[in-house]
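Q:
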Amino acid sequence: LASADVLDDLLLLGALEDKVVMGSMNRGGLAGAAFELDDRFTGHRPEDLVRHGFDAGKLLLRIDHDDPGSLDTLHAAARTVDAMAAHRLPVFVEPFLCRRVDGRLRNDLGAAAVTTSIAIASGLAGTSAYTWLKVPVTEDPDDMAQVMETSTLPAVLLGGEVGDDLDGAYGKWREALRLPTVRGLVVGRSLLYPVDGDVAGAVDTAVSLL
Numbered sequence: 013l014a015s016a017d018v019l020d021d022l023l024l025l026g027a028l029e030d031k032v033v034m035g036s037m038n039r040g041g042l043a044g045a046a047f048e049l050d051d052r053f054t055g056h057r058p059e060d061l062v063r064h065g066f067d068a069g070k071l072l073l074r075i076d077h078d079d080p081g082s083l084d085t086l087h088a089a090a091r092t093v094d095a096m097a098a099h100r101l102p103v104f105v106e107p108f109l110c111r112r113v114d115g116r117l118r119n120d121l122g123a124a125a126v127t128t129s130i131a132i133a134s135g136l137a138g139t140s141a142y143t144w145l146k147v148p149v150t151e152d153p154d155d156m157a158q159v160m161e162t163s164t165l166p167a168v169l170l171g172g173e174v175g176d177d178l179d180g181a182y183g184k185w186r187e188a189l190r191l192p193t194v195r196g197l198v199v200g201r202s203l204l205y206p207v208d209g210d211v212a213g214a215v216d217t218a219v220s221l222l
């Protein structure tokens, strides 16, 4: 899962053979910008993913009830899900309810907020036939079973900010992966930059959870 510049390099290096490749689609909501929640689709388009023979796309859907830019992102996300379905390409929707705290966006990982975000993402577009969810583990991991009953769509877990407690993150992922709709992990920084620097070990542990 990466933006076009990274995937282009990996493609030229021959490093994408026999891999599942997902393109990052909306990258316009720059962190800290006044327009952060007007998160426009400045990355891969559905037709780009088709042309390159990639397998799926991923979009970020952040919703702040106090920021009208969220509506534009919500509408654009729905139309993108439609376009991906027209190409029969899976799209991974990563939804959050968020709010500004001291001027910075904070994702709400409480059970009620994650439940609402999953319900919103599941209902996007004219079909959910190619929609997957990319969801965080809730603040209280024990809430995940009830939260994931919100939707029948297949889901993968995102890593999120795990800090120094990678073992704690593994434990949370292990429990969530036992739920019937949770089908895998799409984890980034916590595996690419583990605290102990052992990337291979972090990946091996994550794979063992599956």
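In our numbering, the protein residues as written are 13 to 222. Every residue, glycine too, gets a C-beta built ideally from N, C-alpha and C. As the structure is a prediction and not an experimental result, all values here were calculated from the model.
Apart from the five residues on each side of it in sequence, which residues of its chain come closer than 8 Å, Cβ to Cβ, to A123?
A: In the sequence shown, counting from the first residue as 1, residue 123 sits at position 111. Leaving aside the five residues that flank A123 on each side, the residues in its chain whose CB is nearer than 8 Å to its CB run, in chain order, T150, E151, D152, D155, Q158 and V159.
Q: Quick check on M37: does DSSP put it in helix, strand or coil?
A: Locating residue 37 in the sequence shown gives position 25, where the first residue counts as 1. Collapsing the DSSP output to three states places M37 in coil.
Q: Any contact of the region 133-141 with the region 172-185, i.e. 3+ C-beta pairs under 8 Å?
A: Touching, no.
Q: With a threshold of 8 Å on Cβ separation, who are the neighbours of L191 within its own chain once the five nearest residues in sequence on each side are excluded?
A: Counted from its first residue, the sequence shown places residue 191 at position 179. Here the set comprises M156, A157 and M160.
Q: Could you check whether the region 109-127 touches the region 84-95, counting it as contact only if at least three pairs of C-beta atoms, one from each stretch, sit closer than 8 Å?
A: Three or more Cβ pairs closer than 8 Å define a contact, and the region 109-127 falls short of that threshold against the region 84-95.
Q: Are S15 and H56 closer than 9 Å when you measure CB to CB?
A: As a position in the sequence shown, residue 15 is number 3, starting the count at 1. As a position in the sequence shown, residue 56 is number 44, starting the count at 1. The answer is yes: Cβ separation under 9 Å.
Q: I'd like the span of the alpha helix (DSSP H) that includes K31, first residue to last.
A: In the sequence shown, counting from the first residue as 1, residue 31 sits at position 19. From DSSP, K31 is part of no alpha helix (DSSP H); its letter is neither H nor E.
Q: Can you name the residues that DSSP bridges to F108?
A: As a first step, residue 108 must be located in the sequence shown, where it is residue number 96. According to DSSP, F108 bridges with R74.
Q: How about V105 and L71: do their beta carbons lie closer than 9 Å?
A: Numbered from its first residue, the sequence shown carries residue 105 at position 93. Numbered from its first residue, the sequence shown carries residue 71 at position 59. For V105 and L71, yes; Cβs fall inside 9 Å.
Q: What's the gap between the Cα of A131 and the Cα of T162?
A: Residue mapping note: residue 131 aligns to position 119 of the sequence shown, counting from 1. Residue mapping note: residue 162 aligns to position 150 of the sequence shown, counting from 1. Computed Cα separation, rounded: 6 Å.
Q: State the Cα-Cα distance for the pair R111 and R52, rounded to the nearest angstrom.
A: Taking the sequence shown and counting its residues from 1, the one referred to as residue 111 is at position 99. Taking the sequence shown and counting its residues from 1, the one referred to as residue 52 is at position 40. Those two C-alpha atoms are separated by around 19 Å.
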